[in-house]
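Undergrad: Take this structure first; my questions come after.
There are 2 protein chains.
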Amino acid sequence: MATIKDVAKLAGVAISTASYALNNSNKVSQATKEKVEAAAKSLNYKKNGFASDLKRTKTNTIALILSDLSGPFYSELIQGVQDVTTANGFDLIACSSIGGANSTATKFLQEKRVDGAIILAHNISDEVTLQSARKGFPLVVLDRKLDSDFVYNIEVDNTHGGYLATEHLIQNGHREIAYVSGPYNSHDNNLRFQGYMNALNDHGIAYQPKWKIIGDFTREGGYRTTKMLIAQRKFPHAIFYSNDEMAIGGLEALRENNISVPDDISIIGFDDIQLAEYVSPPLSTIKQPKYEAGSLAVHVIFQLLAGEKVDHHYTLSTELVKRQSVKQRKLPEPIT
Amino acid sequence: MATIKDVAKLAGVAISTASYALNNSNKVSQATKEKVEAAAKSLNYKKNGFASDLKRTKTNTIALILSDLSGPFYSELIQGVQDVTTANGFDLIACSSIGGANSTATKFLQEKRVDGAIILAHNISDEVTLQSARKGFPLVVLDRKLDSDFVYNIEVDNTHGGYLATEHLIQNGHREIAYVSGPYNSHDNNLRFQGYMNALNDHGIAYQPKWKIIGDFTREGGYRTTKMLIAQRKFPHAIFYSNDEMAIGGLEALRENNISVPDDISIIGFDDIQLAEYVSPPLSTIKQPKYEAGSLAVHVIFQLLAGEKVDHHYTLSTELVKRQSVKQRKLPEPIT
DNA sequence: CTGTTAGCGCCTTCAA
DNA sequence: TTGAAGGCGCTAACAG
């Protein structure tokens with residue numbers, strides 16, 4: 000690979016001159032610039048990005064850390080992140096946190112290969128997050144709540160969302176409502192569950208532990224837990240799946256058992272992923288402002304990079320999306 | 000930020016010693032190593048990735064270049080890429096080519112920030128691709144065909160896929176078959192169209208230019224072109240959308256006009272994206288071996304990096320997936 | 001406008 | 001086992 004040295008030599012100028020010329024500085028004459036450019040072209044010279052980043056101690060890129068690049072992550076969120084990042088002339092790279100401490104994500108977080116990062120990856124530990132955040136390296140987390148001088152939190156109002164979902168079910172006459180949870184360590188899940196509890200409570204319905212089923216936020220998990228529910232003697236009036244993926248898995252399990260949604264049972268999800276609208280029946284769910292969350296996250300980073308002071312915590316609101324998986328419950332005929 | 004110098008100073012050793020200790024070399028005593036590690040920890044030292052990459056002139060990361068990070072890209076493909084990459088202990092980063100020549104993708108391609116790259120982004124020009132590829136920097140393209148010493152091609156058999164789709168329609172009694180194309184400059188599209196033509200030809204059906212509609216591979220494009228088709232006087236027996244996204248957009252247009260699929264018209268897509276199975280009716284389509292394409296791509300890169308010689312061209316086969324959007328055409332009652 | 005020079009932070013011979 | 005020193009490729013004073 001040709002270096003700037005080779006270019007300078009070929010063009011017959013000093014290295015610095017070549018550098019200036021290549022960076023479009025106005026310190027060199029048009030003639031030299033052309034000479035240098037010609038030399039660069041003929042050598043197929045490409046600058047070494049590291050060397051220049053090293054020198055300037057700044058990369059102009061921010062990282063988006065996802066738990067799995069191929070996962071059903073939120074394309075709107077990425078869109079938001081992407082839009083704001085490119086609008087600011089920064090580069091955006093996405094990397095996965097598969098592999099935990101040895102993952103690419105951890106590497107990027109720790110080795111200052113980027114100027115800032117957004118984390119949406121439950122498999123990055125709080126510990127890694129906390130010890131990576133430092134002055135001059137803003138970190139925004141979208142999936143947890145962390146108190147640190149250098150970590151900024153953006154959350155959607157999961158509690159309220161959980162409340163909304165549960166209340167919608169209650170208002171449709173359902174009282175025996177199962178909650179299919181996400182993993183135990185999921186902050187989001189815990190808040191959604193809190194909302195579920197609150198709604199039950201506000202409507203004078205006693206919480207029954209038997210209706211809390213532990214899932215894992217995956218489609219298979221939803222399928223499995225639903226099968227389990229079906230295998231049990233008692234069946235709820237409705238199921239609140241703590242995310243859409245699980246609800247879709249559940250839908251499949253229900254269909255296989257000829258249990259009709261929403262005639263026999265009502266179900267509701269959380270997230271409003273793209274698929275939700277296409278499954279049959281279309282899934283009622285809780286919509287999160289994903290685009291906003293993504294763009295806000297980057298926005299915070301840029302403010303921080305510019306040395307401004309910003310809040311450490313933001314909460315975005317959620318919204319009920321009524322589709323066709325929830326229906327008014329037919330009460331058993333009163334005996335006359 | 001603490002540098003290795005600070006660590007060395009605090010630990011009371013030379014810089015090189017600190018470096019050895021931190022890199023687990025066996026050239027330092029256990030005692031020194033511990034001393035250095037303690038110092039590093041207390042300073043919250045993190046090595047600067049650039050500096051070390053610069054020194055070793057190798058990054059251990061490969062880039063996956065997508066036209067849009069938030070786009071409906073192929074999660075299975077990414078899965079394949081990801082699996083093989085991490086299995087080889089390399090890092091994977093995804094970046095977008097939005098912005099063309101000024102995009103992050105172009106930057107990564109040109110500034111040797113990665114050891115190899117996989118391109119699946121029609122908005123990266125052949126020119127950029129060609130001039131980025133160089134010895135020691137293997138490039139695999141998944142969406143075009145390029146002849147260069149340093150570019151490797153992996154294609155799915157689009158022509159055969161197009162043939163399969165069209166033939167399936169023909170075998171169901173359809174003869175007036177519209178083709179909704181992708182963008183003009185899409186290599187994939189051209190091959191699919193070729194397959195369409197071949198099938199028509201093999202079955203003695205004359206190609207009619209009026210049945211070729213120019214789309215753009217987006218859902219909106221499919222919607223728009225279908226509306227157009229509907230607005231015209233003549234309507235085809237069936238439509239072959241050159242990708243699923245467009246077919247889904249088309250489905251919507253058809254539904255809005257109370258044209259039933261597959262009763263009034265049969266349609267087929269291409270790609271077998273996740274949604275295809277969930278739309279109503281479930282979309283018949285052509286499935287591509289996406290996971291294989293992704294894993295093969297990285298595999299090729301690693302072979303190249305290891306100095307092995309590999310073929311410049313691979314073709315993976317496609318397969319017809321029958322679902323419910325294609326139906327045998329009722330012939331008009333013969334007059335008796 | 002151009003050239004000289006001193007590092008950015010790290011790794012790695014080489015000599016002690 | 002440890003330390004001194006050179007340099008990866010580039011940028012940015014500074015001096016001419």
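Which chain is which? The protein sequence lines are A and B, in order. Once you know that position 264 of the first sequence is 263 in numbering that gives the first Met the number 0, the rest is easy, because the numbers rise by one and skip nothing. Once you know that position 265 of the second sequence is 264 in numbering that gives the first Met the number 0, the rest is easy, because the numbers rise by one and skip nothing. Each residue gets a CB set at the ideal place from its N, CA and C atoms; glycine is no exception.
1) With 9 Å as the limit, tell me which residues of the segment 38-51 of chain A have their beta carbon closer than that to any beta carbon of chain B; keep them in chain order.
2) Please tell me whether Q207(B) has its Cβ less than 8 Å away from any Cβ of chain A.
3) When the Cα of D187(B) is compared with those of P281(B), T60(B), D82(B) and D270(B), which residue comes out closest?
4) CA-CA distance, G220(B) and S316(A)?
5) Check the Cβ of I272(B) against every Cβ in chain A and list those closer than 9 Å, keeping chain order.
6) With H, G and I counted as helix, E and B as strand and the rest as coil, what does DSSP make of S131(B)?
7) Considering F89(B), what are the terminal residues of the alpha helix (DSSP H) in which it resides?
8) Please go through the same chain and pick out, in chain order, the residues whose beta-carbon is closer than 6 Å to the beta-carbon of F301(A), but skip the five residues on each side of it.
9) Specify the secondary structure class of R122(B) as computed by DSSP and reduced to three states.
10) Since I believe I97(B) is in contact with Q273(A) (beta carbons under 8 Å), could you give me their beta-carbon distance rounded to a whole number of angstroms?
11) Is L68(B) close to chain A, meaning its C-beta is less than 8 Å from at least one C-beta of that chain?
12) With distances taken between CB atoms, is the gap from L68(B) to S51(B) smaller than 8 Å?
13) With a threshold of 8 Å between beta carbons, is E93(B) in contact with chain A?
14) Hey, would you say I118(A) sits closer than 8 Å to V140(A), going by beta carbons?
15) Within the same chain, show all residues whose beta-carbon is closer than 8 Å to that of A13(A), passing over the 5 residues directly before and after it, in chain order.
16) Do we get a CB-CB distance below 8 Å when we pair S279(A) with the residues of chain B?
17) Just tell me which of E154(A), R143(A) and S66(A) has its CA closest to the CA of Y290(A).
18) With a cut-off of 8 Å, do at least 3 Cβ pairs link the segment 174-194 of chain B to the segment 154-163 of chain B?
19) Examine the Cβ distances between the segment 202-212 of chain B and the segment 130-140 of chain B and report whether three or more of them are shorter than 8 Å.
20) Which of helix, strand or coil does DSSP assign to D187(B)?
21) Could you tell me the boundaries of the alpha helix (DSSP H) in which H298(B) lies?
22) May I ask you to list the residues that DSSP assigns as paired with L282(B)?
23) In whole angstroms, what separates the C-alpha of V150(A) from that of A120(A)?
24) In terms of residues, what are the limits of the alpha helix (DSSP H) holding Y222(A)?
25) Could you check whether the segment 260-270 of chain B touches the segment 299-313 of chain B, counting it as contact only if at least three pairs of C-beta atoms, one from each stretch, sit closer than 8 Å?
26) Can you check the segment 47-116 of chain B for any alpha helix (DSSP H) of at least 4 residues that lies completely inside it and give the ranges in chain order?
27) How far does the alpha helix (DSSP H) with K40(A) in it reach, from first residue to last?
28) Among all the DSSP beta bridges, which residues are the ones paired with K211(A)?
29) Compute the distance between the beta-carbons of K286(B) and V320(B), then report whether it is under 8 Å.
30) I'd like to know if T2(B) contacts chain A, where contact means its C-beta is closer than 8 Å to some C-beta of that chain.
31) Near A132(B), which residues of its chain fall below 6 Å by C-beta distance, leaving aside the five closest residues on each side in sequence?
32) From K32(B), R55(B) and S28(B), pick the residue whose C-alpha is nearest to that of L21(B); which is it?
33) Roughly how many angstroms lie between the CA atoms of G79(B) and L295(B), to the nearest whole one?
34) State buried or exposed for Y183(B), treating a residue as buried only when at least 16 other CB atoms are found within 10 Å of its CB.
35) Rounded to whole angstroms, what is the Cα-Cα separation between Y44(B) and A93(A)?
TA: Short version:
1) Residues of the segment 38-51 of chain A with a C-beta atom less than 9 Å from some C-beta of chain B are N43, K45, K46, N47, G48, F49, A50 and S51, listed in chain order.
2) By one-based count along the second sequence, residue 207(B) stands at place 208. Q207(B) does not count as touching chain A.
3) Along the second sequence, read from residue 1 onward, the residue named residue 187(B) stands at position 188. Nearest C-alpha to D187(B): D270(B).
4) The count along the second sequence starts at 1 and reaches residue 220(B) at position 221. The count along the first sequence starts at 1 and reaches residue 316(A) at position 317. Each residue's alpha carbon lies about 32 Å from the other.
5) The residue labelled residue 272(B) in the question sits at position 273 within the second sequence. Within chain A, no residue has its beta carbon less than 9 Å from that of I272(B); the closest one is some 11 Å off.
6) Translated into the one-based positions of the second sequence, residue 131(B) becomes position 132. In this structure, S131(B) counts as helix in the three-state DSSP scheme.
7) Here residue 89(B) refers to the residue found at position 90 of the second sequence. Counted as a single uninterrupted DSSP element, the stretch harbouring F89(B) is not any alpha helix (DSSP H), since DSSP gives it neither H nor E.
8) Your numbering for residue 301(A) matches position 302 in the first sequence. Take F301(A), set aside five residues on each side of it, and the residues of its chain with a beta-carbon closer than 6 Å to its own are N87, in chain order.
9) Residue numbering aside, residue 122(B) sits at position 123 when the second sequence is read from its first letter. Looking at the sequence shown, residue 122(B) is not Arg but Asn. When DSSP states are grouped into helix, strand and coil, N122(B) belongs to the coil group.
10) Stepping through the first sequence from its first residue, residue 273(A) is reached at position 274. Stepping through the second sequence from its first residue, residue 97(B) is reached at position 98. Here Q273(A) is actually not in contact with I97(B); their C-beta atoms are around 20 Å apart, not less than 8 Å.
11) Taking the first residue of the second sequence as 1, we reach residue 68(B) at position 69. Yes, because at least one Cβ of chain A sits closer than 8 Å to the Cβ of L68(B).
12) Stepping through the second sequence from its first residue, residue 68(B) is reached at position 69. Stepping through the second sequence from its first residue, residue 51(B) is reached at position 52. Against a cut-off of 8 Å, the Cβ pair of S51(B) and L68(B) comes out as no contact.
13) As a working note, residue 93(B) is residue 94 in the second sequence. Note that residue 93(B) is Ala in the sequence shown, not Glu. Chain A contact via Cβ: present.
14) As a working mapping, residue 118(A) is identified with position 119 in the first sequence. As a working mapping, residue 140(A) is identified with position 141 in the first sequence. Yes, the pair counts as a contact, with Cβ atoms nearer than the cut-off.
15) Start at 1 with the first residue of the first sequence, and residue 13(A) comes out as number 14. Same-chain partners within the cutoff: A7.
16) Start at 1 with the first residue of the first sequence, and residue 279(A) comes out as number 280. Interface criterion met: the Cβ of S279(A) is under 8 Å from a Cβ in chain B.
17) Residue 290(A) sits at position 291 when you count from the first residue of the first sequence. The shortest C-alpha separation from Y290(A) is found at E154(A).
18) Between the segment 174-194 of chain B and the segment 154-163 of chain B, the count of C-beta pairs closer than 8 Å reaches three or more; the two stretches touch.
19) Segments in contact, no.
20) In the second sequence, counting from the first residue as 1, residue 187(B) sits at position 188. Looking at D187(B) - three-state DSSP - the assignment turns out to be helix.
21) Here residue 298(B) corresponds to residue number 299 of the second sequence, with the count starting at 1. Here the alpha helix (DSSP H) through H298(B) covers K289 to L304.
22) Indexing the second sequence from 1 puts residue 282(B) at position 283. Bridge partners of L282(B): none, in fact.
23) Against the first sequence, residue 150(A) aligns to sequence position 151. Against the first sequence, residue 120(A) aligns to sequence position 121. Those two C-alpha atoms are separated by around 15 Å.
24) Taking the first residue of the first sequence as position 1, residue 222(A) is located at position 223. R218 to A230 is the span of the alpha helix (DSSP H), which, as asked, contains Y222(A).
25) At 8 Å Cβ cutoff, the stretches do not touch.
26) Listed in chain order, the complete alpha helix (DSSP H) runs (minimum 4 residues) inside the segment 47-116 of chain B are 48-55, 74-86 and 103-109.
27) In the first sequence, the residue the question calls residue 40(A) occupies position 41. Counting along the chain, the unbroken alpha helix (DSSP H) around K40(A) starts and ends at Q29 to L42.
28) Taking the first residue of the first sequence as position 1, residue 211(A) is located at position 212. Paired residue(s): Y178(A).
29) Locating residue 286(B) in the second sequence gives position 287, counting from the first residue. Locating residue 320(B) in the second sequence gives position 321, counting from the first residue. In this structure, V320(B) lies closer than 8 Å to K286(B) by Cβ.
30) Counted from its first residue, the second sequence places residue 2(B) at position 3. For T2(B), the answer is no, since every Cβ of chain A falls outside 8 Å of its Cβ.
31) Taking the second sequence and counting its residues from 1, the one referred to as residue 132(B) is at position 133. A distance below 6 Å between beta-carbons, with the five flanking residues on each side excluded, links A132(B) to the following residues of its chain, in chain order: L138, S147, F149 and V150.
32) Here residue 21(B) corresponds to residue number 22 of the second sequence, with the count starting at 1. Sorting K32(B), R55(B) and S28(B) by C-alpha distance to the C-alpha of L21(B) places K32(B) at the top.
33) Counted from its first residue, the second sequence places residue 79(B) at position 80. Counted from its first residue, the second sequence places residue 295(B) at position 296. Going from the Cα of G79(B) to the Cα of L295(B) covers about 8 Å.
34) As a first step, residue 183(B) must be located in the second sequence, where it is residue number 184. Around the C-beta of Y183(B), fewer than 16 other C-beta atoms lie within 10 Å, and the residue is accordingly described as exposed.
35) On the second sequence, position 45 is the one that residue 44(B) refers to. On the first sequence, position 94 is the one that residue 93(A) refers to. Straight-line Cα distance between these residues: approximately 24 Å.
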